[in-house]
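A.B. asks: Here you go, one structure.
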Amino acid sequence: MTGVTGDLGPRVPVGVDEEFLRQHVRSVPDYPVPGVTFLDITPLLASARAYRMAVDALREAVANISFDLVLGIEARGFLLAAPLALELGKGFIPARKPGKLPLTTARVDYQLEYGAAAIEIHEDAVAPGQRVLIVDDVLATGGTSAAAAQLVGRLGGEVVGFAYLIEIGVLEGRRRLGDRPVHAILRY
Numbered sequence: 009m010t011g012v013t014g015d016l017g018p019r020v021p022v023g024v025d026e027e028f029l030r031q032h033v034r035s036v037p038d039y040p041v042p043g044v045t046f047l048d049i050t051p052l053l054a055s056a057r058a059y060r061m062a063v064d065a066l067r068e069a070v071a072n073i074s075f076d077l078v079l080g081i082e083a084r085g086f087l088l089a090a091p092l093a094l095e096l097g098k099g100f101i102p103a104r105k106p107g108k109l110p111l112t113t114a115r116v117d118y119q120l121e122y123g124a125a126a127i128e129i130h131e132d133a134v135a136p137g138q139r140v141l142i143v144d145d146v147l148a149t150g151g152t153s154a155a156a157a158q159l160v161g162r163l164g165g166e167v168v169g170f171a172y173l174i175e176i177g178v179l180e181g182r183r184r185l186g187d188r189p190v191h192a193i194l195r196y
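Following my numbering, the numbering of the sequence shown begins with 9 at its first residue and continues without gaps.
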């Protein structure tokens, strides 16, 4: 099943050539560890048309969600979240690996499909009551997004939805994200 997923079920955003986008996602077997297939979006980023289509599709997917900030997850999530935030006139929050932000941070440790990791945001990145959309390139197990949501909640913000270019459905990552809207442009 492919297309944008949300409360009303799967659909493909207007003007999105799903096959064209898929042609710009490269599968890399046994990366970063044996048994994992990495979905590489660098060909999509190298194509102005595909990149524009991806950001437009994300914008359309979240059109009915009210939010104040877009949180992008390091590193490829930045490449989708920042242009989306600019287009929508919203602020951008970078969620980074430990030690990459210069001031006091909030941190959550979590499990990936192939190991342990941690994520941080500045303690002043989200004000109490602010509504946050979390954006990343791929939804796999949901561990990174769930950790980011935990950080937002810890700071008093409210996560109102998630948006991804790609969802790996067999890993059932959306199960870790609660009952908030989850949108994915492509499903694998």
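Quick reminder that beta carbons are idealized off the backbone N, C-alpha and C, glycines included.
Please work out which residues of its chain come closer than 8 Å, Cβ to Cβ, to leucine 94, disregarding the five sequence neighbours upstream and downstream, and give them in chain order.
C.D. replies: As a first step, residue 94 must be located in the sequence shown, where it is residue number 86. Same-chain partners within the cutoff: Phe100.
A.B. asks: Please name the residue, chosen from Ile81, Leu92, Val78 and Gly85, that lies closest to aspartate 64 on a Cα-to-Cα basis.
C.D. replies: Taking the first residue of the sequence shown as position 1, residue 64 is located at position 56. Ranking Ile81, Leu92, Val78 and Gly85 by Cα distance to aspartate 64 puts Leu92 first.
A.B. asks: For tyrosine 39, which three-state DSSP category applies?
C.D. replies: For this step, residue 39 is matched to residue 31 along the sequence shown. DSSP places tyrosine 39 in coil when its eight states are reduced to three.
A.B. asks: Under the DSSP definition of a beta bridge, which residues are partnered with leucine 185?
C.D. replies: As a first step, residue 185 must be located in the sequence shown, where it is residue number 177. Looking at the DSSP output, leucine 185 shares a beta bridge with no other residue.
A.B. asks: Which of the three DSSP states, helix, strand or coil, is assigned to valine 146?
C.D. replies: Position 138 of the sequence shown, counting from 1, holds the residue named residue 146. Note: valine 146 maps to strand in three-state DSSP.
A.B. asks: Within the stretch 65-122, note down every full beta strand (DSSP E) run reaching 3 residues or more, in order along the chain.
C.D. replies: 77-81, 99-103 and 113-120
A.B. asks: My output table needs one value for aspartate 15: the three-state DSSP class, helix, strand or coil.
C.D. replies: Here residue 15 is taken as the residue at index 7 of the sequence shown, counted from 1. The predicted position of aspartate 15 is uncertain, since its pLDDT is 40 and thus under 50; no value can be drawn from it.
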